[in-house]
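First comes the structure, then the notes that go with it.
There are 2 protein chains.
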Amino acid sequence: MAINKKAVRSVLDKAIKAKRSALTAEECKKICAAYGIPLPRDAMATSADKAAGAAKRLGFPVVMKIQSEDILHKTDAGGVVVGVSSAADAKKAYNTILKNARAYNRKARIDGVQVQKMLSSDGAQEVLVGAVTDPSFGKLVAFGLGGILVEVMKDITFRLAPTTKSDAAAMLKDIQGAEILKGVRGSDPVDRQALATIIQNVSKLVSDFPEIAEMDLNPIFARKKGATAVDVRILLDLKPKAAPFRPSQAEILAAMKRIMNPDSVAVIGASSEDGKIGNSVMKNLINGGYKGKIYPINPRADEVLGYKCFKSVKDIPGTVDVAVFAIPAKFVASALEEVGQKKIAGAVMIPSGFAETGEVELQNQMLAVARKYNVRVMGPNIYGFYYTPKNLCATFCTPYDVKGKVALSSQSGGVGMSIIGFSRSTKMGVSAIVGLGNKSDLDEDDLLIYFEQDPNTEVMAMHLEDLKDGRAFAEAAKRVSKNKPIIVLKAGRTAMGARAAASHTGALAGNDKIYEDVLKQSGVIRARTLNDMLQFARGLPKLPTPKGENVVIITGAGGSGVLLSDACVDNGLSLMRMPKDLDAAFRKFIPPFGAAGNPVDITGGEPPATYANTIKLGLEDDRIHALILGYWHTIVTPPMVFAELTAKVVEEARKKGINKPVVASLVGDIQVEEASEYLYDRDIVAYPYTTELPVNVLGAKYRWARSAGLL
Amino acid sequence: MAINKKAVRSVLDKAIKAKRSALTAEECKKICAAYGIPLPRDAMATSADKAAGAAKRLGFPVVMKIQSEDILHKTDAGGVVVGVSSAADAKKAYNTILKNARAYNRKARIDGVQVQKMLSSDGAQEVLVGAVTDPSFGKLVAFGLGGILVEVMKDITFRLAPTTKSDAAAMLKDIQGAEILKGVRGSDPVDRQALATIIQNVSKLVSDFPEIAEMDLNPIFARKKGATAVDVRILLDLKPKAAPFRPSQAEILAAMKRIMNPDSVAVIGASSEDGKIGNSVMKNLINGGYKGKIYPINPRADEVLGYKCFKSVKDIPGTVDVAVFAIPAKFVASALEEVGQKKIAGAVMIPSGFAETGEVELQNQMLAVARKYNVRVMGPNIYGFYYTPKNLCATFCTPYDVKGKVALSSQSGGVGMSIIGFSRSTKMGVSAIVGLGNKSDLDEDDLLIYFEQDPNTEVMAMHLEDLKDGRAFAEAAKRVSKNKPIIVLKAGRTAMGARAAASHTGALAGNDKIYEDVLKQSGVIRARTLNDMLQFARGLPKLPTPKGENVVIITGAGGSGVLLSDACVDNGLSLMRMPKDLDAAFRKFIPPFGAAGNPVDITGGEPPATYANTIKLGLEDDRIHALILGYWHTIVTPPMVFAELTAKVVEEARKKGINKPVVASLVGDIQVEEASEYLYDRDIVAYPYTTELPVNVLGAKYRWARSAGLL
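Quick mapping for you: the protein sequence lines, in order, are chains V and E. Each residue of the first sequence is one higher than the last, beginning at 0 in numbering that gives the first Met the number 0. Each residue of the second sequence is one higher than the last, beginning at 0 in numbering that gives the first Met the number 0.
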């Protein structure tokens, strides 16, 4: 389809010049025509007689609508008459509409009445396509069912604009009422191609013209063949925001490498005095085992904890990669000036007393200095960060050194402390823990770009309350998540930003629904709770990527089997339909009254060999892609016996190159706690007293594998 | 409204005699008339001319429908023509309908064509009222939105029939699309009274006539004034099920008192040999500290573990309350015969090898003996049960003796073992743990009746996969839950029993949706996961009942505050809108940059006094009804300092008679684990590394308090 940008430009320029944020029907018509968005035939009438004439030309029935830039909700104003079926009626309708409109808003400027060929809704499905501008994500396109459904059920889905063809097609499947589009109760299926094209064109339009803030095509009549927008609304933003600060990816990476993996660290405000933050940071660097150079900075000391002290970073002889700030907020700007002059790549800004306490101006000043010298700032108001491959604890918290493949970040210090505590308690191996605090500069997309290429990191888990630049995050996440899972706990998700919006789409753009859809579009695995985030972070690096969708449950407890199956359905996992020969093979190992199919119920009183044989079979049969084990504590097979035999069978399979995810739920007396830990240490994600958690972790791995296109 | 049962009886008798399970339009009309269910005026036509005549009399437009007991889906058969607006059209429609019907089903017996006054759907909202017969719950009435909404969105709600007026009214609020009934986008609100009356009348009709298996009023046109059913379908069950075994409540209680709280226990199959079940049971009785009489039964022993042994229960001199069976399944029936003759109240049937291994007949035989002598049977295929007030461990599992106020039961042995392990690990105090296994006889409603009057039990938590007699359970739960919370983990909830059903309502009666609605109607708190059930069981007895809806969060970590707020919304808790004076009172204690409102953000670096002062204020102000604390680990206020001060402040308030639920989320390093335990031991429900779990427990308490009418 040929797109006519020039036509749109000219319409918009005129409206902007006139400072009109709502476009008229005529203007909307021109824009839709320019972007291949089909509308019904229409004409504009400025008198009752002209309305009758236009209606005759278009053919009855027609629908007549008030045209006024001051009346956005035409129906509420009594400004719409449908089903006008004669010239006499058209005249009457014209007069009624004008009378109603004047009663509704005495001062409204009225352009006339639009006479539109009335499309029959018979056999049509009403849908909505729209667009909004999100402060963080920018342009988004929306699709939903029209009329009451979208308003009451809020059944709508969003994507970053512009969308690809496949994204647009996916939106049709993503609404709750997707079934309706296929045609129910004898109605026709809609023309999916036509709808996807409208979605794509709307998304292109709003991307090409950032001044279009909101757009509604509501309703669109979608039929077996074709789709036509019956009503159009376009709203402009007359004061568009400045583009966010966005260094190139190469610049980000160059800085992040020096910050996260530095060869030298300066500590500004280093102190010998116990209890001072600058003392804690020094101790953590030293005791954490950091092997790079450590430069304490303190004008009133010659030496701190055995390290030569400098008055300023400028006095340090060699290159410095990163400076950790441990001085009060009011002294930060001038010290940062010196950091900039010394060409230090990053400032780890531990101090609080900035935007979080209302000192927004102080934070802006600090940031201005950083920008001037191209210093990237982590924080302020953070605990610092850990990078275990370098034995680096650039923080005033307690050190942590268990190495592993997950990098975690948190916007909040409290959540950061939870990460530390949970890590220590579960011996979770991490590559990094990063505090982002106020996110004055560095944020999640900078971290993604670093961890993407970091060979020490395989999984990322991030707690966040907002995204400063959602679009940059989404773009990075979409790419990175193809190779490494990204887990996000989005806090504040239930706040549902009630936004003042003049369009339907805008009113429906609850903040969380946008996050939900965009994070999904970006391949991010969303954790619903803090504990889920922590458990996913711990478990995902342990599980190999499944090679297919066939999940099999092997359980000693029938009751666990039922609960594990529930959890599979909750997590969108597919319980494999057991082939006959495989069923027979399992049956050889289990008692005659054990249950066939899936779950494989080996029954409660079985000896270790029954667990071993069935698990081995589950691992070795190529048609099975993941195993969920349900262990039941008995005297015949005590918990540690089960744990040891399972670890052994899995280990043997791994030696043969069989790498399948195995998770386990252990129910029984307290010995199942030790047995679960034993299994977890051997990369079998096992939990006591819960049937849901192991399946949730497996479910998260599957969600990632699917969105990364590995399944 | 006068109900005419006689008219219905006569219609049904005729249909049953003719073995017709689907009623004709004429019959449906008579039944609806008898129960005050409004239908449009209509007439029956058996020729094209008669159809035209009838249409003229009724007034155009009319809708015409095939009438055949062999064609249930009239639309699919092309058997419906709507909008017939002239005599000529009526004749044409008659012929078309007959032609289509014959093409659809050549053998269909056709009664004629119903000519019905066509109601305009303009200004009407389509809804559905229906009824189904559930194998466990019996008669249920359903309400939903009509047409596509109910079919695609499955937006429907169920209640036990007959419903009360308030239940019927509540159904209108309980659907997802409830908003639609209030009138959206300029449409009228529906006549709620008229709809509630139809729901009540349908529920009464199906209760009065159990042979009505399914019923559909779909659609009903609901208007501003009145509601009319446009289409009716009634299906009969020609072979109704026998009524379930249902002793009187007094009988149940008399038996249950002897079983749960016995003065004497016989162990059938008692043994001196280690490893035998009959040996474990004896040891657990003895070592558990049971003070009643213990009678081992074993024909081949004179003494077991120092207790005189009997050959048969009949040889025991005095009364015996309960017999624990520890013998193979095949010997059970004859031993049970003797138990019956001895007038023992209950048999704790540990042995497996019954229905669960396919031996259904053996189980039926056993049950027949029990019924003959009026012996109640727990199990078979169970671990037994614990009743701590009596120090009674009638089980072959390990003993458990921590006394508390929650009684737990499980249908599955695996889940039972989880209860034991979790209890031991968390030191959860329990009054009872009961295995129900195959539920051949005793089931959850028997337990409810016992625990209802048991002064040692304040909360019940039950794992179940099905309810043998859902109606008996619902009736007992509805009463009991007014005084004591009942927590249910319904396993198999995602199985969504795809049932063969001839009505819309029937097809929509997914098994889990019925459980969901009926459990809610019965005041039951549903746990979604095994771990939730365990945590609710542990936490609910600890929390006093809140006296109002005002929840306040006091947090040291802003990040926790956001996550705790999310959890409040997830749990339907109301964050109190902070009154000005109270806000000012909190502000006195917190730094100037601390956040006002709710959450009260005291900020991170605060000393113990700030926590103490704000918690004290939260407890002492009458307008606040529950507190959620968000602790953040700092050097200034370490975890145990926080725990001790909080426990002290809460204890002091309790001494003044202030009893509010307090829950806490502790984020920080591993010391928060010990601090959480310390708090939990002092009836403050506290968890480390999770913001959601404490709020979930508080949410469960609130759900109960609301449904018990205490809020």
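Note that beta-carbon positions come from the ideal geometry of N, C-alpha and C, so glycine has one too.
Bridge-paired residues (DSSP) for residue i
{"i": "V/F715", "result": "The shown model of chain V, from 0 to 710, leaves out residue 715 of chain V, and the question about it has no answer."}
{"i": "E/R232", "result": "E/D215"}
{"i": "V/G629", "result": "V/T554, V/S664"}
{"i": "E/P295", "result": "E/V266"}
{"i": "V/P687", "result": "V/L665"}
{"i": "V/D720", "result": "The requested residue 720 of chain V is not part of the displayed model; chain V covers only 0 to 710."}
{"i": "E/T156", "result": "E/F142"}
{"i": "E/L127", "result": "E/G143"}
{"i": "V/A733", "result": "Outside the shown range of chain V, which is 0 to 710, sits residue 733 of chain V, and nothing can be said about it."}
{"i": "V/A714", "result": "It is not possible to answer for residue 714 of chain V, since the shown part of chain V is limited to 0 through 710."}
DSSP three-state assignment for residue i, whether helix, strand or coil
{"i": "V/I553", "result": "strand"}
{"i": "V/N695", "result": "helix"}
{"i": "E/D110", "result": "coil"}
{"i": "V/A707", "result": "coil"}
{"i": "E/S202", "result": "helix"}
{"i": "E/K4", "result": "helix"}
{"i": "E/G496", "result": "In this prediction, E/G496 scores a pLDDT of 34, lower than 50, which makes its location untrustworthy; the coordinate-derived value is nonetheless stated afterwards. Looking at E/G496 - three-state DSSP - the assignment turns out to be coil, as it is neither helix nor strand."}
{"i": "V/E358", "result": "coil"}
{"i": "E/D600", "result": "strand"}
{"i": "V/Y306", "result": "strand"}
{"i": "E/G538", "result": "helix"}
{"i": "V/Q410", "result": "coil"}
{"i": "E/Q66", "result": "strand"}
{"i": "E/G560", "result": "helix"}
{"i": "V/V405", "result": "strand"}
{"i": "E/G415", "result": "helix"}
Candidates the options: closest to residue i by CA position
{"i": "V/L118", "options": "V/G58, V/K98, V/N549", "result": "V/G58"}
{"i": "E/A50", "options": "E/M63, E/P218, E/K329, E/F220", "result": "E/M63"}
{"i": "V/A566", "options": "E/E619, E/M532, E/V561, E/A490", "result": "E/A490"}
{"i": "V/K275", "options": "E/I634, E/E650, E/L435", "result": "E/I634"}
{"i": "E/D444", "options": "E/E457, E/A476, E/Q452", "result": "E/A476"}
Supposed close pair residue i, residue j - CB separation, criterion 8 Å
{"i": "E/A53", "j": "E/T132", "result": "Going by Cβ atoms, the distance from E/A53 to E/T132 rounds to 35 Å, so no, they are not a contact pair."}
{"i": "V/S409", "j": "V/I418", "result": "6 Å"}
{"i": "V/S430", "j": "V/V414", "result": "Actually they do not touch by this definition, with Cβ atoms about 18 Å apart."}
{"i": "V/A354", "j": "V/Q362", "result": "5 Å"}
Of all the residues that make up the stretch 677–698 of chain V, which are near chain E by a beta-carbon distance shorter than 8 Å?
Considering only beta carbons, the part of the stretch 677–698 of chain V lying closer than 8 Å to chain E consists of P687, Y688, T689, T690, E691, L692, in chain order.
Along the stretch 421–442 of chain V, where does the CB come closer than 8 Å to a CB of chain E? Name the residues.
Of all residues in the stretch 421–442 of chain V, F421, R423, S424 have a Cβ within less than 8 Å of some Cβ in chain E.
Residues of the stretch 143–166 of chain V with a CB closer than 7 Å to any CB of chain E: list them in chain order, please.
Against chain E - using a Cβ distance shorter than 7 Å - the residues of the stretch 143–166 of chain V are I147, E150, V151, M152.
Name, going along the chain, the residues of the stretch 176–200 of chain V whose beta-carbon falls closer than 8 Å to a beta-carbon of chain E.
Going along the stretch 176–200 of chain V in chain order, one finds G176, E178, I179, V183, R184, G185 with a Cβ nearer than 8 Å to chain E.
Members of the stretch 376–407 of chain V that neighbour chain E once the beta carbon cut-off is set at 7 Å
Going along the stretch 376–407 of chain V in chain order, one finds T397 with a Cβ nearer than 7 Å to chain E.
What are the residues of the stretch 457–489 of chain E that lie near chain V, defined by any Cβ-Cβ distance shorter than 7 Å?
The stretch 457–489 of chain E vs chain V, Cβ under 7 Å: E464.
Return the residues of the stretch 244–262 of chain V that lie within a Cβ-Cβ distance of less than 7 Å from chain E, sorted by chain order.
Cβ proximity to chain E below 7 Å picks out nothing from the stretch 244–262 of chain V.
Quick one: which residues of the stretch 625–653 of chain V get their C-beta closer than 8 Å to a C-beta of chain E? List them in chain order.
Result list: G629, W631, H632, I634.
Using a Cβ-Cβ cutoff of 7 Å, what residues of the stretch 587–599 of chain E are near chain V? List them in chain order.
Sequence-ordered contacts of the stretch 587–599 of chain E with chain V read F592 [C-beta pairs closer than 7 Å].
Near-chain E residues of the stretch 600–626 of chain V - C-beta to any C-beta below 9 Å
So the list reads T602, G603, G604, given in the order they occur along the chain.
Residues from the stretch 338–368 of chain E in contact with chain V, defined by Cβ distance under 9 Å:
Within the stretch 338–368 of chain E, the residues whose Cβ lies closer than 9 Å to some Cβ of chain V are S351, G352, E355, T356, G357, E358, listed in chain order.
Scan the stretch 206–228 of chain E for residues whose Cβ lies nearer than 9 Å to a Cβ of chain V and list them as they occur along the chain.
Within the stretch 206–228 of chain E, no residue has a Cβ that lies closer than 9 Å to any Cβ of chain V.
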